[in-house]
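Trainee: Take a look at the following structure, please.
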Amino acid sequence: MPELPEVETVVRDLRPVLVNRRIVAISVGPQLLRRPWQPEWEAKLLGDRVTAIRRRAKWIIVDLESARRLLVHLGMTGQLTVTSAGCPVLAHTHVIFDLDGRAEQLRFRDVRRFGSVELIGDETALQAFLAERVGPEPESLDPQGFALAICRSERPVKAILLDQHVAAGVGNIYADEALYHAGVHPQRRGRTLTGEEVERLRLAIATVIRQAIDNRGSTIRDYIGGSGLRGQFQNQFYVYGRTDQACRRCGSPISSVRVGGRASHFCPLCQPVHPRRKQRQRKVPSTTRADLCSDLSQGSTRF
DNA sequence: CCGACGTCCTGCTAGC
DNA sequence: TGCTAGCAGGACGTCG
């Protein structure tokens, strides 16, 4: 399941083999993707040349010479690869772009079809599209803004982390891992976190994401990079998918619960529901609470 | 406005 | 052995 690190890996893999290539033919399968392919896109794309490829949150942006942008989301099981045209086309391959020069194709494959491939008119339209869907990147979270998003919310902190407006690109795996390293239980309500915990969480998110990128992301089932390679970060999970296995720090068995409809993995000892000194949670106006949260102290994460 | 929950989709697996 | 129910979850719509 591609989250930010996996998408970043795909983009890095594709950059050397996709930039400067021209689209010379397109074929689209009959099955509908989340955002259905519009027939008029084909004529617009033919002959266009890729000038750059980049990432924003979990979205892949392919910049074209025409100023149009090809926008790709991998959903759960999406794969975007540059493949030799001679390679057999695997089942669930929905879009194939023939590239000029060497006989290669950019292929979009997605078993569960939660992903999408679409054409956006220009950079302005792209930015408008993204602005209403994603907030700041995890590596550049503003401490104040992040603290406010957490401390003003009544939701479980795990659900807040999955909100793309709060920390764009974080998904179920890295939310669980970050909460573990910050020592925060996934079911804690946002407004019950101390300023120190919020800051630990912010740092943990950035660190987990960075380490996952360094390891080419995590391959659980379907994920592969742009060159077909698997990720390696799954070997370094502390909690995700480790239910009943021993916590790497304290040895107690990892638990799992459902939070906001998603499986959440945590260590009951390292991430207590009620942290050591269970401080009184008085109902206070949100502005006052926000002031408390903005009083941040530097906390250490557990790496 | 906010939060909770249902929906989409397919393949794999646990359990009877 | 064969069948089925349940699970995986990112984004988005709907409902209270």
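The first sequence maps to residues 2 to 304 in our numbering. Idealized CB from N, CA, C, for every residue including glycine.
If you drop the 5 nearest sequence neighbours on each side, which residues of the same chain put their C-beta closer than 6 Å to that of residue 131?
Mentor: The answer, listed in chain order, is 57.
Trainee: With DSSP collapsed to three states, give me the class of residue 71.
Mentor: Three-state DSSP puts residue 71 in a strand.
Trainee: Distance, Cα to Cα, residue 88 vs residue 192?
Mentor: Answer to the nearest angstrom: the Cα atoms are 53 Å apart.
Trainee: For a minimum of 4 consecutive residues, which ranges assigned as the alpha helix (DSSP H) are wholly contained in the region 137 to 168?
Mentor: As far as the region 137 to 168 is concerned, its whole alpha helix (DSSP H) runs of at least 4 residues are 144 to 152 and 158 to 163.
Trainee: Around the C-beta of residue 102, are 16 or more other C-beta atoms found within 10 angstroms, so that it is buried, or is it exposed?
Mentor: Residue 102 is exposed by the Cβ-count criterion.
Trainee: Would you give the residue range spanned by the alpha helix (DSSP H) that residue 182 belongs to?
Mentor: Unbroken alpha helix (DSSP H) run through residue 182: 173 to 183.
Trainee: Among residues of its own chain, excluding the 5 on either side of residue 281, which ones have a beta-carbon nearer than 7 Å to its beta-carbon?
Mentor: Confidence at residue 281 is low in this model, with a pLDDT of 48, below 50, so the placement of that residue should be treated as unreliable; the coordinate-derived value is given next. Result list for residue 281: empty, nothing under 7 Å.
Trainee: If you draw a straight line from the alpha carbon of residue 118 to that of residue 262, how long is it in whole angstroms?
Mentor: Taking the straight line joining both Cα atoms gives about 26 Å.
Trainee: Compare the C-alpha of residue 30 against each of 23, 144 and 39 and name the closest.
Mentor: Closest by alpha carbon: 39.
Trainee: When you compare the CB positions of residue 27 and residue 7, do they come within less than 8 Å of one another, or not?
Mentor: In this structure, residue 7 does not lie closer than 8 Å to residue 27 by Cβ.
Trainee: Distance check for residue 99 and residue 265, CA to CA, integer angstroms please.
Mentor: Computed Cα separation, rounded: 41 Å.
Trainee: Is DSSP giving residue 9 helix, strand or coil here?
Mentor: Note: residue 9 maps to helix in three-state DSSP.
Trainee: Just tell me which of 59, 65 and 41 has its CA closest to the CA of residue 311.
Mentor: The question about residue 311 has no answer here: the residues shown for the chain are numbered 2 through 304.
Trainee: Return the bridge partner residues of residue 97 from the DSSP annotation.
Mentor: Per DSSP, 28 and 108.
Trainee: Distance, Cα to Cα, residue 55 vs residue 113?
Mentor: Taking the straight line from one Cα to the other gives about 24 Å.
Trainee: Put residue 266 into one of helix, strand or coil per three-state DSSP.
Mentor: Looking at residue 266 - three-state DSSP - the assignment turns out to be strand.
Trainee: Compute the beta-carbon to beta-carbon distance between residue 176 and residue 138, rounded to the nearest angstrom, for a pair I have assumed lies under 8 Å.
Mentor: Rounded, the Cβ-Cβ distance is 15 Å, inconsistent with contact.
Trainee: For residue 124 and residue 53, what's the separation of their Cα atoms in angstroms?
Mentor: For residue 124 and residue 53, the distance between alpha carbons rounds to 13 Å.
Trainee: Using a Cβ-based criterion (distance less than 7 Å to any ligand heavy atom), does residue 195 qualify as near the ligand NAP?
Mentor: Summarising the ligand content, the structure contains no ligands, and the ligand NAP is consequently not present.
Trainee: Hey, how far is the Cα of residue 210 from the Cα of residue 116?
Mentor: One C-alpha to the other measures close to 21 Å.
Trainee: Taking the alpha carbon of residue 258 as the point to measure from, which residue in 250, 218, 277 and 187 has its own alpha carbon closest?
Mentor: For residue 258, the nearest C-alpha among the options comes from 187.
Trainee: List the DSSP bridge partners of residue 85.
Mentor: Residue 85 is bridged to 105.
Trainee: Flag this pair as yes or no: are the beta carbons of residue 218 and residue 78 separated by less than 8 Å?
Mentor: Their beta carbons are not under 8 Å apart, which means residue 218 does not touch residue 78 by this criterion.
Trainee: Does the distance from the CB of residue 2 to the CB of residue 172 come in under 8 Å?
Mentor: Taking 8 Å as the Cβ cut-off, residue 2 and residue 172 qualify as a contacting pair.
Trainee: Under 8 Å by Cβ, that's how I've got residue 120 and residue 69 pegged, so tell me the actual separation to the nearest angstrom.
Mentor: Indeed they touch by this definition, with Cβ atoms about 6 Å apart.
Trainee: Once the 5 residues before and after residue 260 are set aside, which same chain residues still bring their CB inside 7 Å of it?
Mentor: Here the set comprises 157, 159, 160, 187 and 188.
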